[in-house]
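Scroll down for the structure; my scribbles are underneath it.
Residue numbers (the working numbering): 1029 to 1146.
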């Protein structure tokens, strides 16, 4: 049952992205930013937390989950360290994901053989 909930939540997020791609003139980059900022806003308002509790990885793995983690870390940092903590907390909360993206991106750049389009 747990896998089904994860699949449904993650799939619903993907469906929303696909609908935005198909019905608007938004580029994938625009949609990425919308999901990221949406995760930050929903996380800051406390509306993303129930989705995370229900869908777990289905809600935390997509880019909106990254925005949620940023907002959660910023709020925690602001409570403990003040205004500077708001900036530091978001980075502390997401440092693992950022580091993994850099490391795996670097590995793929070394392994792959990119070709230019003609």
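We put the CB at the ideal spot given by N, CA and C, even for glycine.
Note that the structure is predicted; figures quoted are calculated from it, not measured.
Looking only at its own chain, which residues have a Cβ that is under 6 Å from the Cβ of residue 1071, when we skip the five neighbours before and after it?
1096, 1099 and 1100
In whole angstroms, what is the alpha-carbon distance linking residue 1084 and residue 1143?
38 Å
Inspect the CB distances between the segment 1072 to 1091 and the segment 1033 to 1041 and report whether three or more fall short of 8 Å.
yes
Give the DSSP-derived three-state secondary structure of residue 1140 in the structure shown.
coil
Return helix, strand or coil for residue 1089, following the three-state DSSP convention.
coil
Presumed contact (8 Å Cβ cut-off) between residue 1041 and residue 1060, rounded CB distance
Residue 1041 to residue 1060, Cβ: 12 Å. No contact.
On a Cα-Cα basis, can you pick out the residue from 1046, 1103 and 1053 that is closest to residue 1074?
1103
Does the distance between the C-beta of residue 1047 and the nearest non-hydrogen atom of the ligand ADP fall short of 7 Å?
Absence of the ligand ADP from the depicted structure is noted, as is the absence of any ligand whatsoever, leaving it without description.
Buried versus exposed, by CB contacts within 10 Å (16 or more), residue 1076:
buried
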